[in-house]
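Student:
There are 2 protein chains.
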Amino acid sequence: MDADKVFKALGDPTRRRLLDLLCEKNGQTLSQLCENLDMARQSATQHIDLLEAANLVSTVKRGREKLHFINPVPLHEVYERWVRKFERQRLSLLHDLKQELEGEDQ
Amino acid sequence: MDADKVFKALGDPTRRRLLDLLCEKNGQTLSQLCENLDMARQSATQHIDLLEAANLVSTVKRGREKLHFINPVPLHEVYERWVRKFERQRLSLLHDLKQELEGEDQ
DNA sequence: TTGACATGCAGGTATTTACCTGCATATTAC
DNA sequence: GTAATATGCAGGTAAATACCTGCATGTCAA
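Those protein sequence lines, which keep their order, are chains A and B.
First residue of the first sequence: 1, per full-length UniProt numbering; consecutive thereafter.
First residue of the second sequence: 1, per full-length UniProt numbering; consecutive thereafter.
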């Protein structure tokens, strides 16, 4: 997993919208996806290229169409690497801050 | 939670490194953090400002020092909104893609 | 009180990003 | 075969980003 590509891919509202659209209906074509975006098809393609580079979306060509599918694996890996780690320490991290704030008041 | 700010904050290796540093030792000063980064202090400050804007880091002033603390809450919210959603559909999404690939072979 | 230290603030620049337009190619339908 | 459709590819621009340097301010300690 390339955390940089995954987070950068997720760091744009258009690309998150694309993932949501595919979550509603997987396997849509480029044209179908574009109907729900307010930009030129070519611009959407560039966003999709980044999602593909981050391995968040896989595509299959069928005739002249290109079908798009979500790949949830990188998101899971992001969770394992970046969320669970902090999640485990969540209470103690908040405890550190609370202690510091109380120290200030005294 | 502002998903855009959180993902954009996470979409940079320096800022992820800062979070890792704070995970190792919470409550560090700006100078301490800078010792582990290969850039000017002012540049690190700009990265920290983004982490603060995303609410991933909170700070407390103590005398002439500024202490930095991780806030794990936004990461948890990202997980709830962006990871669990796809996680729940993980198997069915992969099923869609598998079906499509098999359809191509026939 | 003065020098050292920690941080803040104000620009300046090179690179990346997110759009666009115009045109080319490939597939399908009549 | 030809027109319509779906996508690919090549540039061009404005804004955002990630750095930097230089200087100002505030705090501590001798």
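We treat Cβ as the ideally placed atom computed from N, Cα and C, and that holds for glycine.
No experiment lies behind these values; they were computed from the predicted model shown.
Report back the beta-carbon spacing between ARG15/A and ALA9/A to the nearest angstrom; my notes put them in contact at under 8 Å.
Tutor: Here ARG15/A really is in contact with ALA9/A; their C-beta atoms are around 6 Å apart, less than 8 Å.
Student: VAL57/A and VAL83/B - do their beta-carbons sit closer together than 9 Å?
Tutor: No, the Cβ-Cβ distance between VAL83/B and VAL57/A is not below 9 Å.
Student: Between LEU51/A and ARG41/A, how many whole angstroms is the CB-CB distance? I'm expecting something under 8 Å.
Tutor: Not confirmed; about 15 Å, so no contact.
Student: If we require 3 or more residues per run, which beta strand (DSSP E) segments fall completely within the region 31 to 74 of chain B?
Tutor: The DSSP assignment places 57 to 62 and 65 to 70 as complete runs of the beta strand (DSSP E) inside the region 31 to 74 of chain B, in order along the chain (cut-off: 3 residues).
Student: Taking 9 Å as the threshold (beta carbon to beta carbon), is GLN42/A in contact with chain B?
Tutor: no
Student: Taking 9 Å as the threshold (beta carbon to beta carbon), is ARG16/A in contact with chain B?
Tutor: It does; some Cβ of chain B falls within 9 Å.
Student: Looking at chain B, is there any beta carbon in it that lies within less than 9 Å of the beta carbon of ALA53/A?
Tutor: No, no contact with chain B.
Student: So PHE86/B and LEU75/A are in contact, right, with Cβ under 8 Å, and what is the actual spacing, rounded?
Tutor: 5 Å
Student: Taking VAL6/A as part of the alpha helix (DSSP H), name the residues at either end of that continuous run.
Tutor: Looking at the DSSP string, the run of the alpha helix (DSSP H) that includes VAL6/A is 3 to 10.
Student: Does any residue of chain B have a CB that is nearer than 9 Å to the CB of ILE48/A?
Tutor: Not an interface residue.
Student: Against VAL83/B, what residues of chain A qualify as contacts under a CB-to-CB distance less than 8 Å, listed in chain order?
Tutor: LEU75, HIS76, VAL78, TYR79 and VAL83
Student: Does any CB atom of chain B fall closer than 9 Å to the CB of ASP38/A?
Tutor: no
Student: Go through its chain and collect everything with a Cβ distance to PRO13/A's Cβ below 8 Å, but skip five positions before and after it.
Tutor: none
Student: Report yes or no: is there a C-beta of chain B within less than 9 Å of the C-beta of GLU87/A?
Tutor: By this cut-off, GLU87/A is an interface position.
Student: Can you have a look at ASN26/B and say buried or exposed, based on whether 16 or more other CB atoms are within 10 angstroms of its CB?
Tutor: buried
Student: Check the Cβ of GLY11/A against every Cβ in chain B and list those closer than 8 Å, keeping chain order.
Tutor: ASP4, PHE7, LYS8, LEU10 and GLY11
Student: Which partner residues does THR29/A have in the DSSP bridge list?
Tutor: LEU67/A
Student: Report the option in ASP4/B, GLU35/B and LEU22/B whose CA atom is closest to the CA atom of PRO72/B.
Tutor: LEU22/B
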